[in-house]
Each structure stands twice: as structure tokens, then as C-alpha cells.
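Here is the structure we will look at.
Residue numbers (UniProt numbering): 1 to 109.
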């Protein structure tokens with residue numbers, strides 16, 4: 001069964017099959033961010049980008065970047081590298097905003 005799956009996915013070795021599984025896992029995380037964003041927007045009845053969107057983005061980008069490096073794909077590496085920093089920067093902005101809000105209203109907790 002594993003050998004058939006490996007052939008179907010184009011993996012010639014168990015290690016390549018493991019890397020394909022890693023890449024698919026990263027892609028699944030990346031896809032989940034859109035599902036979470038859609039559900040949050042439906043719940044709010046307006047466009048919303050929840051913090052979890054950025055966490056799934058950075059996790060998916062990190063795993064896909066590792067996969068791209070393993071595959072030595074410069075286009076994929078460049079695309080995931082840039083995204084990784086953008087997602088991290090958005091998380092930083094959220095952190096700073098929450099810290100400022102907590103400092104402005106210390107009794108809010």
C-alpha cells in the first residue's frame with residue numbers, strides 16, 4: 001500500500017514519500033487559514049482576519065519553505081521566504097497592538 005502510494009505521488013524512496021507528506025501537511029495548514037478566515041467572516045457577517053489566520057500562514061509557510069529547500073526550487077523558496085516574513089510582521093503588529101491596549105486599560109483583564 002505504501003509503495004503504491006509512493007509511486008502514485010512520484011516518490012522513489014521512503015524519504016521522498018516522507019518529504020511529500022511534509023509538503024502536503026504544510027499545504028493543508030496553509031489551506032486552513034482560508035477556511036478559518038471564511039468562518040470568522042461568516043460569524044461576524046463582515047470581512048475578518050483572525051489572528052489564527054496569521055499563525056496558520058506562518059506555520060504553513062515554514063513547512064512549505066522547508067519542503068521547497070529540500071526540492072531546491074528557487075521560485076518556491078523565494079515565494080515562501082517573502083510570505084514567511086510578511087506573516088511574522090503581521091503577528092508582531094497584533095502583539096504590539098494588544099500590548100498597547102493592555103497598558104492603556106490595565107483593569108480590562
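Cβ coordinates follow ideal geometry from the N, Cα and C atoms, glycine included. From a predicted model like this one, the values you see are computed outputs, not experimental measurements.
If you compare alpha carbons, which of the options is closest to residue i?
{"i": "residue 53", "options": "73, 79, 84, 71", "result": "84"}
{"i": "residue 49", "options": "62, 65, 32", "result": "32"}
{"i": "residue 65", "options": "47, 44, 77, 90", "result": "77"}
When we look at the beta-carbon of residue i and count the other beta-carbons within 10 Å, is it buried (16 or more) or exposed?
{"i": "residue 104", "result": "exposed"}
{"i": "residue 26", "result": "buried"}
{"i": "residue 68", "result": "buried"}
{"i": "residue 56", "result": "buried"}
Determine the contact status of residue i and residue j, defining contact as a CB-CB distance below 8 Å.
{"i": "residue 29", "j": "residue 79", "result": "no"}
{"i": "residue 111", "j": "residue 82", "result": "Because the chain spans 1 through 109 in this model, residue 111 falls outside it and cannot be assessed."}
{"i": "residue 19", "j": "residue 70", "result": "yes"}
{"i": "residue 22", "j": "residue 86", "result": "no"}
Since residue i is in the alpha helix (DSSP H), which residue starts that stretch and which ends it?
{"i": "residue 81", "result": "74 to 104"}
{"i": "residue 32", "result": "14 to 44"}
{"i": "residue 52", "result": "51 to 71"}
Shorter than 8 Å from the beta carbon of residue i to some beta carbon of chain C?
{"i": "residue 81", "result": "The chain inventory of the structure shown lacks chain C, comprising one protein chain alone."}
DSSP state of residue i, grouped into three classes?
{"i": "residue 10", "result": "coil"}
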